[in-house]
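Student:
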Amino acid sequence: MKNRLLSKIQLKILALIALSALLSAAVTFGLLFLAYILRATHFLPYSVLLKLYYLNNFLGLHTILYMVIGILFFVFILALSRRWAKNFDQILDGTSKISQGDFQFHVPVYSKNELGDIAQNLNSISSQLQKSIKEERKAVQAKNELITNVSHDLRTPLTSIMGYLRLIEEDRYNDEVELRYYVSVAFEKARSLERMVSDLFEYTRVNFGTIELEYSRIDLVQLLSQVSAQFLPQLEERKMEIKLKNEFESIFIEADGDKLVRVFENLISNGLKYGKEGKCIDIRVDIVENLAMVEVVNYGEPIPEEDLPFIFERFYRVEKSRSVDTGGSGLGLAITKSIVELHNGTIEAASNKNETNFKIMLPMERLPNNR
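Note that the UniProt record's numbering numbers the sequence shown so that position 215 is 215, with each residue one more than the last.
1. Whether or not the region 167-181 and the region 300-314 are in contact is what I'm after, with contact meaning three or more pairs of Cβ atoms, one per stretch, closer than 8 Å; do they touch?
2. When burial is assigned at 16 or more other CB atoms within 10 Å of the CB, is R82 buried or exposed?
3. Counting along the chain, where does the alpha helix (DSSP H) carrying D258 start and finish?
4. Just curious, the alpha helix (DSSP H) that L223 is in, first and last residue?
5. What's the call for I71, buried or exposed, on a 16-neighbour Cβ count within 10 Å?
6. One question on the structure: do R314 and Y215 come within less than 9 Å of each other, judged by their Cβ atoms?
7. Could you check if T28 is buried or exposed, using at least 16 other CB atoms within 10 Å of its CB as the buried criterion?
8. Taking K245 as the reference, give the member of I125, N121, M293 with the closest Cα.
9. Indicate the three-state DSSP secondary structure (helix, strand or coil) for G327 in the structure shown.
10. Can you tell me whether A15 sits near the ligand FAD, meaning its C-beta is under 8 Å from at least one heavy atom of the ligand?
11. Quick check: what's the CA-CA separation for I211 versus H343?
12. Which of helix, strand or coil does DSSP assign to P302?
13. With burial defined as no fewer than 16 other Cβ atoms inside 10 Å of the residue's Cβ, what is the status of Y181: buried or exposed?
14. Tell me which same chain residues have a C-beta within less than 7 Å of the C-beta of I311, skipping the five on either side of it?
15. Do Q234 and L200 count as a contact pair if the criterion is CB distance below 9 Å?
16. State buried or exposed for L76, treating a residue as buried only when at least 16 other CB atoms are found within 10 Å of its CB.
17. N357 bridges to which residues according to DSSP?
18. Does DSSP put N344 in a helix, in a strand, or in coil?
19. Between I268 and V227, how many whole angstroms is the CB-CB distance? I'm expecting something under 8 Å.
20. Beta-carbon separation of I118 and I91 under 9 Å?
21. Just grab the DSSP bridge partners of P363 for me.
22. How would you call T356, buried or exposed, if buried means at least 16 neighbouring beta carbons within 10 angstroms?
23. With DSSP run on the structure shown, which of helix, strand or coil describes L72?
24. Here's the rule I'm using: 16 or more other beta-carbon atoms within 10 Å means buried, otherwise exposed. How should L122 be labelled?
25. Roughly how many whole angstroms lie between the Cα atoms of D258 and N144?
26. Below 8 Å CB to CB, which residues in the same chain sit around G300 once its five sequence neighbours on both sides are set aside?
27. Using the Cα positions of G30 and M67, report the straight-line distance between them to the nearest angstrom.
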């Protein structure tokens, strides 16, 4: 590409020189012919002819021709290269502005020649740099928000743990029963912290590019059946059940099975927390337009319409009063969405007074741009 562009510019310069020389010679001989006609017709005054005679004797005809051709050549070079020079000056101005950080500046592209190609490439570089800077700023902002939210969510259980441990350290309990209660509460708070840190670690790995998917051919129906079986104790405790509804006995896809397990665990856990009034969680599996479709449906309280667009954002909780202790880390659905998107899939949520439906669409085969 570089050599081809250089060759085109060199040919352009040579063509410019050749055309200027040709025009200069043509105009010079045209002037000579005109002078001959004027002399033959005695159109020129005698004084002018006398001056031309002395000039010819002083310099010589060849010298005069060379001078005229040289002057005309210079004039034609300037005239023919004016537009080219203007475009080149705009490119230099563009590189100067971009080097100073003005990535919103775009070089005007007036022609489809080599300089036009350079201008387009320069504009493309400027746009890419501007996009990269925006993404970097967005990433920095996301990390800062992450730190702020983590600090806020960790403070409450940590303060509670410190409070109960202080009571124990200062022997401020009446009997062993009360002591065990303090220890139990502190332990549960510590477990909440552990879950929070685990979710945070998972979220950063998924979203900041430190995770590599390990693909294998998996049976999606069997995987969902196994994940559902893991929740039998919680289901029995809440007197709930999971119904797996599949149109196909097996649906094979290429995916990271461990990561998909995390996705469906999060959605089923969400259904257990907020759909216990419905007594049932439906999991529907099907193939739609060469995509594997999984729907996880619970029949509890609906998600308010104003909250639906934000439920996949990190630390977003539908019930604003919930904390890491009562409502999870606020990262579960964000992690779920990130893992699905790593597989080039999509996830969306719909909720009404009857049901809340999380629908996932996954490609059957691994796509080339997957990690």
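Glycine included, every Cβ here is placed at the ideal spot set by N, Cα and C.
Just so it is clear, the structure is predicted and the values come from calculations on it, not from any experiment.
Tutor: On the basis of the coordinates in this document:
1. no
2. One-based indexing of the sequence shown puts residue 82 at position 82. Exposed, because fewer than 16 other Cβ atoms sit within 10 Å of the Cβ of R82.
3. By one-based count along the sequence shown, residue 258 stands at place 258. Note, D258: alpha helix (DSSP H), 257-274.
4. In the sequence shown, the residue the question calls residue 223 occupies position 223. That run of the alpha helix (DSSP H) goes 220-230.
5. Residue numbering aside, residue 71 sits at position 71 when the sequence shown is read from its first letter. Exposed: under 16 other Cβ atoms inside 10 Å.
6. As a first step, residue 314 is located in the sequence shown; it is residue number 314 there, counting from the start. As a first step, residue 215 is located in the sequence shown; it is residue number 215 there, counting from the start. Cβ atoms of R314 and Y215: not closer than 9 Å.
7. The residue given as residue 28 occupies position 28 in the sequence shown. Burial call: buried.
8. As a first step, residue 245 must be located in the sequence shown, where it is residue number 245. Residue M293 is the option with its Cα nearest to K245.
9. By 1-based counting over the sequence shown, the position of residue 327 is 327. Low confidence applies here, because G327 scores a pLDDT of 49, under 50, leaving its location unreliable; read the following figure in that light. In this structure, G327 counts as coil in the three-state DSSP scheme.
10. Ligands in the displayed structure: none, and consequently the ligand FAD is not present.
11. Here residue 211 is taken as the residue at index 211 of the sequence shown, counted from 1. Here residue 343 is taken as the residue at index 343 of the sequence shown, counted from 1. Taking the straight line from one Cα to the other gives about 12 Å.
12. If you number the sequence shown from 1, residue 302 lands on position 302. Coil, per DSSP.
13. Position 181 of the sequence shown, counting from 1, holds the residue named residue 181. Taking all protein chains in view, the Cβ of Y181 is surrounded by fewer than 16 other Cβ atoms within 10 Å, so the residue is classified as exposed.
14. For the purposes of this step, residue 311 is taken as residue 311 along the sequence shown, with counting starting at 1. I303, V318, L333, A349.
15. Start at 1 with the first residue of the sequence shown, and residue 200 comes out as number 200. Start at 1 with the first residue of the sequence shown, and residue 234 comes out as number 234. Cβ atoms of L200 and Q234: not closer than 9 Å.
16. Reading the sequence shown from its first residue, position 76 is the one you call residue 76. Strictly speaking, residue 76 in this sequence is Phe, with Leu absent from that position. Buried: at least 16 other Cβ atoms inside 10 Å.
17. Position 357 of the sequence shown, counting from 1, holds the residue named residue 357. Answer is V297, A350.
18. To locate residue 344, count along the sequence shown from 1; it is residue 344. Coil, per DSSP.
19. In the sequence shown, the residue the question calls residue 268 occupies position 268. In the sequence shown, the residue the question calls residue 227 occupies position 227. That pair is a contact at about 7 Å.
20. If you number the sequence shown from 1, residue 118 lands on position 118. If you number the sequence shown from 1, residue 91 lands on position 91. Against a cut-off of 9 Å, the Cβ pair of I91 and I118 comes out as a contact.
21. Taking the first residue of the sequence shown as 1, we reach residue 363 at position 363. P363 is bridged to L291.
22. Residue mapping note: residue 356 aligns to position 356 of the sequence shown, counting from 1. That one is buried.
23. For this step, residue 72 is matched to residue 72 along the sequence shown. Three-state DSSP puts L72 in a helix.
24. For the purposes of this step, residue 122 is identified with residue 122 of the sequence shown, where counting begins at 1. So L122 counts as buried.
25. As a first step, residue 258 is located in the sequence shown; it is residue number 258 there, counting from the start. As a first step, residue 144 is located in the sequence shown; it is residue number 144 there, counting from the start. The alpha-carbon separation between D258 and N144 amounts to approximately 29 Å.
26. For the purposes of this step, residue 300 is identified with residue 300 of the sequence shown, where counting begins at 1. Around G300: G271, Y274, G275, K276, E277, G278, T356.
27. Working through the sequence shown from its first residue, we reach residue 30 at position 30. Working through the sequence shown from its first residue, we reach residue 67 at position 67. About 15 Å.
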